[in-house]
Amino acid sequence: INLDAIAYVQQATGTFDCIILDFPDPSSPDLAKLYSLPFYQALKSKLNADGVLVQQSTSPYRAKEAFLCIGRTLKAAGYSAVPYHDHVPSFGEWGWWIAGHQGTLSEPELTKKLENSRPLPKDLRYLTPDLIRASLYFGKGTLDTPNENITTLTRPSVLEYYLQGWKH
Numbered sequence: 011i012n013l014d015a016i017a018y019v020q021q022a023t024g025t026f027d028c029i030i031l032d033f034p035d036p037s038s039p040d041l042a043k044l045y046s047l048p049f050y051q052a053l054k055s056k057l058n059a060d061g062v063l064v065q066q067s068t069s070p071y072r073a074k075e076a077f078l079c080i081g082r083t084l085k086a087a088g089y090s091a092v093p094y095h096d097h098v099p100s101f102g103e104w105g106w107w108i109a110g111h112q113g114t115l116s117e118p119e120l121t122k123k124l125e126n127s128r129p130l131p132k133d134l135r136y137l138t139p140d141l142i143r144a145s146l147y148f149g150k151g152t153l154d155t156p157n158e159n160i161t162t163l164t165r166p167s168v169l170e171y172y173l174q175g176w177k178h
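According to our numbering, the stretch in the sequence shown is residues 11 to 178, in order.
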């Protein structure tokens, strides 16, 4: 399917156990809309009550404030959201948020599920339970910020933070 993500969410039928958002980074006003409060709110009706959503969220090292803004926006939309990260050889330090409905999954419950992951298939070449657990931990101060803004359609904070972060 080649369709704008916002249009797809509006017309998709049914609900999903898992929604994976692997969008391009929010490097333009059009892309920033995919990281906005209204988009995440629309997705909630497509996510089963006990389902999870995963959002690619740029580099927490290079664009820390954009990364954190994505998490704040998910939480403002009614999700419990937990950050995680890993080193991707072709990108460097990269981050994601995993989220579920606030009324069903709390952040401690999401974290516990990841920390206590089931045995993985033996033929995996990279992923291990220890690596999953390690991905939940960040260096001292990495997730600290005085900023509180989220991304809306009229205020694309994630775009502003992204451009500032990747400028350096």
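For glycine and all other residues, C-beta sits at the position ideal for the given N, C-alpha and C.
Label residue i either buried or exposed according to how many other C-beta atoms from any shown protein chain fall within 10 Å of its C-beta, with 16 as the threshold for buried.
i: residue 178; result: exposed
i: residue 132; result: exposed
i: residue 13; result: exposed
i: residue 98; result: exposed
i: residue 18; result: exposed
i: residue 115; result: buried
i: residue 149; result: exposed
i: residue 21; result: exposed
According to the Cβ coordinates, are residue i and residue j closer than 8 Å?
i: residue 91; j: residue 81; result: yes
i: residue 139; j: residue 130; result: yes
i: residue 57; j: residue 101; result: no
i: residue 29; j: residue 53; result: yes
i: residue 75; j: residue 155; result: yes
i: residue 165; j: residue 159; result: yes
i: residue 49; j: residue 11; result: no
i: residue 172; j: residue 36; result: yes
i: residue 111; j: residue 59; result: yes
Please report the residue range of the alpha helix (DSSP H) in which residue i lies.
i: residue 139; result: 139-144
i: residue 52; result: 47-54
i: residue 170; result: 167-177
i: residue 123; result: 117-125
i: residue 17; result: 15-21
Where does residue i fall in DSSP's three states?
i: residue 90; result: strand
i: residue 105; result: strand
i: residue 61; result: strand
i: residue 112; result: coil
i: residue 161; result: strand
i: residue 35; result: coil
i: residue 96; result: strand
Please report the residue range of the beta strand (DSSP E) in which residue i lies.
i: residue 26; result: 26-31
If contacts are defined as beta-carbon pairs under 8 Å, then residue i and residue j qualify, I think. What distance do you get, rounded to the angstrom?
i: residue 168; j: residue 109; result: The Cβ separation is near 15 Å, so there is no contact.
i: residue 161; j: residue 87; result: With a Cβ gap of about 10 Å, residue 161 and residue 87 do not count as contacting.
i: residue 93; j: residue 105; result: 6 Å
i: residue 77; j: residue 83; result: Actually they are not in contact, since the Cβ atoms of residue 77 and residue 83 sit about 11 Å apart, beyond 8 Å.
i: residue 39; j: residue 152; result: The pair is not a contact, with the Cβ atoms about 28 Å apart (cut-off 8 Å).
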